[in-house]
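Scroll down for the structure; my scribbles are underneath it.
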Amino acid sequence: MGAQLRVYRRRIRSVQSTKKITKAMELIASSRIVKAQQRLEASLPYLQHLYAAINAAATGAADVRKHPLMANAEQRTKAAVLVVTADRGLAGAYSSNAIKEAEALATNLREKDITMVPYVVGRKGVSYYRFRERAMGGEYTGFTDQPTYADARRIGDDLLAAFMTPIEEGGVDEIHIVYTHFTSMVSQEARIRRILPLEVVDEVVEKVEGQLPPPLYEFEPDAESVLDGLLPRYIDHTIYTSLLMSAASEHAARRRAMKSATDNAEEMIRSLSRRANQARQAEITQEISEIVGGADALSASR
Amino acid sequence: MADSGKLLNVAVVSAERALWNGQARSLVAKTPEGDIGILAGHEPVLALLVESAPLRIEEPDGTKVLVAVHGGFFSVAGSDVNVIAEVAELAEDIDLGRAQSALSRIQADGVVDGEEASALKRAETRIQVAGVAKGISAH
Chain A
1 MGAQLRVYRR
11 RIRSVQSTKK
21 ITKAMELIAS
31 SRIVKAQQRL
41 EASLPYLQHL
51 YAAINAAATG
61 AADVRKHPLM
71 ANAEQRTKAA
81 VLVVTADRGL
91 AGAYSSNAIK
101 EAEALATNLR
111 EKDITMVPYV
121 VGRKGVSYYR
131 FRERAMGGEY
141 TGFTDQPTYA
151 DARRIGDDLL
161 AAFMTPIEEG
171 GVDEIHIVYT
181 HFTSMVSQEA
191 RIRRILPLEV
201 VDEVVEKVEG
211 QLPPPLYEFE
221 PDAESVLDGL
231 LPRYIDHTIY
241 TSLLMSAASE
251 HAARRRAMKS
261 ATDNAEEMIR
271 SLSRRANQAR
281 QAEITQEISE
291 IVGGADALSA
301 SR
Chain B
303 MADSGKLLNV
313 AVVSAERALW
323 NGQARSLVAK
333 TPEGDIGILA
343 GHEPVLALLV
353 ESAPLRIEEP
363 DGTKVLVAVH
373 GGFFSVAGSD
383 VNVIAEVAEL
393 AEDIDLGRAQ
403 SALSRIQADG
413 VVDGEEASAL
423 KRAETRIQVA
433 GVAKGISAH
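Top line first, the protein sequences correspond to chains A and B. Residue numbers for the first sequence follow the working numbering, beginning at 1 and rising by one. Residue numbers for the second sequence follow the working numbering, beginning at 303 and rising by one.
Put into structure tokens, the structure is as follows:
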């Protein structure tokens with residue numbers, strides 16, 4: 001076999017094995033998108049009940065606006081930003097989009113004289129900030145493809161602790177999340193959401209036909225403590241949904257990246273085998289012409 | 303005992319999923335103020351739950367459902383009772399062996415503080431719930 005042909009064959013084999021891997025990753029990612037979406041849906045009842053209860057407690061509590069988690073400081077100076085990235089690469093621009101969005105937010109905040117403290121989820125984000133030697137408020141890795149509520153709770157506890165610490169002692173007075181919103185299988189975008197301080201929305205609830213007004217609850221121990229107990233859970237749950245959404249987006253981004261990698265591999269195999277065939281044909285042609293040439297030479301010398 | 307015509311509609315929801323749904327004759331939960339029992343016709347209540355405690359539900363046929371509930375709150379409005387827990391496990395979902403080994407590990411550690419104290423509490427609740435469900439300790 002000619003040397004050239006052997007080289008082509010070897011390359012085809014290596015591209016084929018790469019293709020098998022990317023194809024497998026694509027399939028795994030697609031099944032995980034669905035799983036993440038299902039978990040997102042499964043967590044909705046909790047949010048609805050929590051929301052209703054917070055509303056009820058806020059109505060019952062003396063003055064919601066004085067609550068420590070509500071907007072109070074006139075001039076803010078420091079903001080924690082939770083950046084949700086992936087643990088692993090091979091997901092296209094997923095992580096870098098989130099980081100880019102976070103950097104844009106940091107620039108925005110700087111214009112308002114607010115310094116940003118990154119809290120980073122995912123190994124990709126952690127290595128980005130570590131490489132640039134920027135101090136992080138917290139690093140959370142190892143769960144981005146399947147986040148659990150316990151992970152969210154851990155992050156929520158840290159963020160709340162930072163929020164409750166006075167600024168002079170290194171606390172923060174704003175908390176934002178940069179996550180990737182899952183709009184559909186083909187469209188995800190990095191988004192910014194402020195989670196703290198909370199703002200009171202005085203909304204006029206329109207009377208819906210057949211829906212009863214919320215009952216006058218008896219609070220145990222009292223409305224203020226119930227509100228104190230519920231608001232942190234709301235933060236935790238917001239973080240949890242952001243993590244889940246980002247996980248779904250991560251899988252979708254990975255699926256897309258792996259799909260195009262598989263397509264490229266197929267394309268490469270096609271052009272390589274065409275060239276390999278050409279090389280083989282050239283080899284055969286050469287052999288024939290050598291034989292014919294040899295036979296001609298023999299008959300001529302006779 | 304409430305008469306059997308009046309039942310509660312109970313929903314137990316954890317942060318990750320809806321856990322249990324159904325009718326019940328009564329429900330006993332633990333708040334920071336103490337145990338509270340709910341029968342049909344209770345006044346509307348919105349109460350926090352303690353960090354970790356068993357929740358007892360009695361179904362119309364007398365079957366007892368035990369749930370280990372860690373944090374959260376519950377609301378009673380009319381005949382609807384919603385138990386909203388951060389983390390909740392049905393007795394049959396609890397890995398008794400794991401809870402026991404967690405318990406002995408923490409106890410062997412000696413010093414129990416902060417995070418460990420709540421882990422200890424969770425393990426104890428799990429063991430209690432799973433134990434009662436298996437009839438190891440009579441209630």
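By construction, the Cβ of each residue, glycine as well, lies at the ideal position given by its N, Cα and C atoms.
Kindly provide the ranges of any alpha helix (DSSP H) runs that are 4 or more residues long and lie completely inside the stretch 128 to 164 of chain A, ordered along the chain.
The stretch 128 to 164 of chain A contains these whole alpha helix (DSSP H) runs: 149 to 164.
Measure the C-alpha to C-alpha separation of residue 370/B and residue 45/A and round it to an integer number of angstroms.
Answer to the nearest angstrom: the Cα atoms are 19 Å apart.
Do you know how far the Cα of residue 287/A is from the Cα of residue 296/A?
One C-alpha to the other measures close to 14 Å.
Suppose you measure from the CA of residue 14/A to the CA of residue 6/A; what does that come to, to the nearest Å?
Cα to Cα, the separation comes out at about 13 Å.
Measure from the C-beta of residue 138/A to each C-beta in chain B and report whether the shortest distance is under 9 Å.
Chain B, which has no Cβ nearer than 9 Å to the Cβ of residue 138/A, makes this no.
Below 9 Å between beta carbons: does that hold for residue 401/B and residue 428/B?
Yes, the pair counts as a contact, with Cβ atoms nearer than the cut-off.
So, is the C-beta of residue 219/A closer than 9 Å to a C-beta in chain B?
Closer than 9 Å: yes.
Residues of the stretch 345 to 364 of chain B in Cβ contact with chain A at a cutoff of 8 Å, in chain order, please.
Here the close residues are 345, 346, 347, 348, 349 and 350.
Can we say the stretch 392 to 411 of chain B touches the stretch 157 to 167 of chain A, given the rule of at least three CB pairs closer than 8 Å?
Segments in contact, no.
Apart from the five residues on each side of it in sequence, which residues of its chain come closer than 8 Å, Cβ to Cβ, to residue 238/A?
Cβ neighbours of residue 238/A beyond the five flanking positions: 177, 193 and 195.
Around the Cβ of residue 337/B, are there at least 16 other Cβ atoms within 10 angstroms (buried) or fewer (exposed)?
That one is exposed.
Could you check whether the Cβ of residue 328/B sits closer than 9 Å to any Cβ belonging to chain A?
Not one chain A Cβ lies under 9 Å of residue 328/B.
Judging by CA-CA distance, which residue of 78/A, 191/A and 38/A is the nearest neighbour of residue 109/A?
With distances taken between Cα atoms, residue 109/A lies closest to 78/A.
With DSSP as the reference, identify every bridge partner of residue 311/B, one or two as the case may be.
Paired residue(s): 325/B and 382/B.
Compute the Euclidean distance between the alpha carbons of residue 123/A and residue 131/A, then round it to the nearest angstrom.
Distance between the alpha carbons of residue 123/A and residue 131/A: 12 Å.
Terminal residues of the continuous beta strand (DSSP E) containing residue 112/A?
Counting along the chain, residue 112/A falls outside any beta strand (DSSP E), and DSSP gives it neither H nor E.
Against residue 420/B, what residues of chain A qualify as contacts under a CB-to-CB distance less than 8 Å, listed in chain order?
What residue 420/B touches in chain A: nothing, since even the nearest Cβ is about 11 Å away.
So, does the CB of residue 92/A fall closer than 9 Å to a CB anywhere in chain B?
With 9 Å as the cut-off, residue 92/A does not count as an interface residue toward chain B.
Specify the secondary structure class of residue 7/A as computed by DSSP and reduced to three states.
Helix, per DSSP.
Could you please tell me which residues of the stretch 27 to 47 of chain A, in chain order, have their CB closer than 8 Å to any CB of chain B?
Of all residues in the stretch 27 to 47 of chain A, 39, 42, 43, 45 and 46 have a Cβ within less than 8 Å of some Cβ in chain B.
If you draw a straight line from the alpha carbon of residue 36/A to that of residue 259/A, how long is it in whole angstroms?
Each residue's alpha carbon lies about 19 Å from the other.
Considering Cα atoms alone, identify which of 368/B, 377/B and 418/B is closest to residue 391/B.
Among 368/B, 377/B and 418/B, the Cα nearest to that of residue 391/B belongs to 368/B.
Within the 9 Å Cβ cut-off, does residue 342/B reach chain A?
False, the Cβ-Cβ gap to chain A never drops below 9 Å.
Grab the span of the beta strand (DSSP E) containing residue 296/A for me, first residue to last.
Premise fails: residue 296/A lies in the alpha helix (DSSP H), 223 to 301, not in any beta strand (DSSP E).
Between residue 236/A and chain B, is there a C-beta pair that is closer than 9 Å?
Yes, residue 236/A lies at the interface with chain B (some Cβ there is under 9 Å from its Cβ).
Please list the partners that residue 310/A has in chain B, where partner means a Cβ-to-Cβ separation under 9 Å.
Chain A is shown from 1 up to 302; residue 310/A falls before or after that span and cannot be answered.
Would you identify the three-state DSSP class for residue 207/A, choosing helix, strand or coil?
For residue 207/A, the predicted structure reports a pLDDT of 49, less than 50, and the residue's modelled location is therefore unreliable. A value from the coordinates is still provided. Coil at residue 207/A, not helix or strand.
Determine the burial state of residue 207/A: buried for a count of at least 16 other Cβ atoms within 10 Å of its Cβ, exposed for fewer.
For residue 207/A, the predicted structure reports a pLDDT of 49, less than 50, and the residue's modelled location is therefore unreliable. A value from the coordinates is still provided. The residue in question, residue 207/A, is exposed, as its Cβ has fewer than 16 Cβ neighbours within 10 Å.
Within this structure, are the beta carbons of residue 257/A and residue 90/A separated by less than 9 Å?
Yes. Within cutoff.
Have a look at 222/A, 190/A and 9/A and flag the residue whose alpha-carbon is nearest the alpha-carbon of residue 249/A.
Of the listed residues, the one whose Cα sits closest to residue 249/A is 190/A.
Tell me the DSSP secondary structure of residue 306/B in three-state form.
Note that residue 306/B scores 47 on pLDDT, short of 50, meaning its location in the model is unreliable; the coordinates nonetheless yield the value given after this. Residue state, collapsed to three classes: coil.
In the DSSP assignment, what residue or residues form a beta bridge with residue 119/A?
BP columns for residue 119/A point to 82/A and 138/A.
State yes or no: is the C-beta of residue 314/B within less than 9 Å of the C-beta of residue 320/B?
In this structure, residue 320/B lies closer than 9 Å to residue 314/B by Cβ.
Run through the DSSP bridge pairs and tell me what residue 365/B is partnered with.
Answer is none; residue 365/B lacks a bridge partner.
Go through its chain and collect everything with a Cβ distance to residue 431/B's Cβ below 8 Å, but skip five positions before and after it.
Once the five neighbours on either side are set aside, the close Cβ partners of residue 431/B are 356, 368, 369, 370, 391, 393 and 396.
Using the three-state DSSP reduction, which class does residue 188/A fall into: helix, strand or coil?
In the structure shown, residue 188/A sits in a strand (DSSP, three-state: E or B).
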